[in-house]
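Colleague: Below: one structure in structure tokens.
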Amino acid sequence: IVAIKHEKRRFVEKVDFITSPGFLNGNSTRHDTGLISGGMYRVVTDLAIMGFDEMTKSMKVEALHPKVTAEEVRDNTGFDILIDENVGVTKAPSDEELSVLRHLDPDRVYIA
């Protein structure tokens, strides 16, 4: 799981160097290069929660945060991101979950 601010400069079409490969070029390329397990599971930003398409491994919006539109996510992404027409809305954390998050991020670097 990765948590970052959702900006076009962070979500780019191509990078010069990869330190932690996710799904590389999609489909089975991770497995084909000898990386038989793992890969990215979720990317959490200030706009949405993303996962990866089961077949193509392309990034896919799983849920939009409240008051965020699909257009806003597309405008802040440097590549064509998959967004279903009926994409859900992120459920607000419970008081207990919020307490744990605040404990893990006391300076609120990632969690406002």
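Going by this note's numbering, the sequence shown runs without a break in its numbering and finishes at 112. Glycine included, each C-beta is placed from N, C-alpha and C at the ideal position. Only a predicted model underlies this, so the values are computations on that prediction, with no experimental measurement involved.
Look at M55 and I81 and say whether their C-beta atoms are less than 7 Å apart.
Modeller: no
Colleague: Based on the DSSP secondary-structure assignment, which residues constitute the bridge partners of F52?
Modeller: The bridge partners DSSP lists for F52 are M59.
Colleague: Determine the contact status of V12 and G78, defining contact as a CB-CB distance below 7 Å.
Modeller: yes
Colleague: For V100 and P93, I'd like the C-alpha separation in whole angstroms.
Modeller: 10 Å
Colleague: Can you give the Cα-Cα distance for V15 and R9, rounded to whole angstroms?
Modeller: 11 Å
Colleague: Let me know if I49 comes out buried or exposed under the rule of 16 or more other beta-carbons within 10 Å of its beta-carbon.
Modeller: Per the 10 Å Cβ criterion, buried.
Colleague: Determine the burial state of L64: buried for a count of at least 16 other Cβ atoms within 10 Å of its Cβ, exposed for fewer.
Modeller: buried
Colleague: On the premise that G39 lies in contact with G22, defined as a C-beta separation below 8 Å, what is that separation, rounded to the nearest angstrom?
Modeller: 6 Å
Colleague: For the alpha helix (DSSP H) containing T29, name the first residue and the last one.
Modeller: Per DSSP, the unbroken alpha helix (DSSP H) holding T29 starts and ends at 29-32.
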